[in-house]
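Following: one structure in structure tokens, then a few remarks.
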Amino acid sequence: MDLANSLRAFVQVLERGSMTTAARDLGLSQPAVSKLIRNLESHVGAKLLARGPTGARPTDQGARLRERLGDTLSTIDAAIGAAKGEAGAIGGTLKLQALACLGERHLHDIAHRFRQLHPRVAVDLRLDNMPADLRTGDIDLAFGHTRANAQEVVQSRIGIVRRYLVASPSYVAAHSPIETPAGLAAHDLIVTDASLSENSTLTLRRNGEDLVVTITPTLSTNSASVLLEAIRAGRGVGTAQLLLVDRDIANGQLVRVLPHWEIRPSDLFVSYRATQRLRPVVRAFLDFAVPALREVDGIERNH
1 MDLANSLRAF VQVLERGSMT TAARDLGLSQ PAVSKLIRNL ESHVGAKLLA RGPTGARPTD
61 QGARLRERLG DTLSTIDAAI GAAKGEAGAI GGTLKLQALA CLGERHLHDI AHRFRQLHPR
121 VAVDLRLDNM PADLRTGDID LAFGHTRANA QEVVQSRIGI VRRYLVASPS YVAAHSPIET
181 PAGLAAHDLI VTDASLSENS TLTLRRNGED LVVTITPTLS TNSASVLLEA IRAGRGVGTA
241 QLLLVDRDIA NGQLVRVLPH WEIRPSDLFV SYRATQRLRP VVRAFLDFAV PALREVDGIE
301 RNH
């Protein structure tokens, strides 16, 4: 029996919470990982994993074995890597989930720059505005607005995401000027769900004070691409994250409306499973991506 690889498979299944995901990380087939686990269970004479609808979890014996193993396998792998002259090499598949606007405009580029430093890394970037279900083990890191309440999720605040009211120059030229927030009622409004407060209201902020405005959107969407194209096409005044429209404002394709006001910003978090011992590639990307995101125009560390 290959005891080292059986133990390595056992640890990986626990860290990922999924036999299939662990197999993919290890570069093995799922049946091969299952066989390694069965051999290990036969060797110790006890069942180590309980498989259920939410994934693989350790039995009492499995939890004790994992605790006693500690970082033994990592230490062995590091020693072998050092002997081969590969100490510190970062590799493997990095699985990310992010808000569509963040992923399309910035995170994919940050991931590319990370890969230039670590060519052995492959990136799987999934764009979804819904909160990530980190319990499945399919996602290493999730970037989003939702504050996690679950104890099994570790969450760090990256900063706040600024939002502005913007429109195309052609729309502004063809319609009556908007001089106060109340003037928005006379205009077509294009919004995302994330920009609205309760009961279809928009919370505007100026000099630290909030003003709640009731609006009737002509277009509501959860797609950053649809929002941006509709605003560019002159179909109304839009609520947009600055990180999405910064280039359009800079080149004059869009202009700010009510420039002394901004929409109440949202927090941006990065999250991962609390039970997950971060693989080197995940830790390295976390350390690389958070400072890079804080450099993005429209993301600010301090409120």
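Under my numbering, read the sequence shown as residues 1 to 303, first letter to last. Using N, Cα and C, we set each Cβ at its ideal position, and we do this for glycine too.
When we look at the beta-carbon of G85 and count the other beta-carbons within 10 Å, is it buried (16 or more) or exposed?
At G85, the pLDDT of 46 sits below 50, so the modelled position is not reliable; the number obtained from the coordinates is stated separately. By the neighbour-count rule (16 or more Cβ atoms within 10 Å), G85 is not buried but exposed.
Buried or exposed: where does H43 fall if 16 or more other Cβ atoms within 10 Å of its Cβ makes it buried?
With fewer than 16 other Cβ atoms within 10 Å, it is exposed.
Less than 8 Å between the beta carbons of H112 and A284, yes or no?
no
Minimum length 4: unbroken alpha helix (DSSP H) runs contained in the region 163 to 203
169 to 174
For V166 and V226, which I take to be in contact (beta-carbon distance under 8 Å), what is that distance rounded to the nearest angstrom?
Not really, about 15 Å apart at Cβ, beyond 8 Å.
E229 (DSSP reduced to helix, strand or coil):
helix
Closest to S220 by CA distance: which of N39, L48, G238 and D138 is it?
For the residues N39, L48, G238 and D138, the minimum Cα distance to S220 belongs to G238.
So, is R147 buried or exposed, given that buried needs 16 or more other C-beta atoms within 10 angstroms?
Around the beta carbon of R147, fewer than 16 other beta carbons sit within 10 angstroms, so the residue counts as exposed.
Jot down the residue ranges of each uninterrupted beta strand (DSSP E) in the region 213 to 269, minimum 3 residues, whole runs only, in chain order.
Counting whole runs of 3 or more residues, the region 213 to 269 contains the beta strand (DSSP E) stretches 219 to 221 and 237 to 241.
Could you pull out every residue in the same chain whose Cβ sits closer than 7 Å to the Cβ of G62, ignoring the five residues on either side in sequence?
L48 and L49
Taking the C-alpha atoms as reference points, what is the distance between S327 and I90?
Since the first and last residues shown for the chain are 1 and 303, residue 327 lies out of range.
Using the beta-carbon count (16 or more within 10 Å), is D60 buried or exposed?
Residue environment analysis places D60 among the exposed positions, since fewer than 16 neighbouring C-beta atoms fall within 10 angstroms of its C-beta.
Report the rounded CA-to-CA distance for R294 versus H106, giving the unit in angstroms.
11 Å
Neighbour-count burial assignment, A230, 16 or more Cβ in a 10 Å radius
Around the Cβ of A230, a 10 Å sphere holds 16 or more other Cβ atoms; the residue is buried.
Could you spell out where the beta strand (DSSP E) holding D124 opens and where it closes?
V121 to L127
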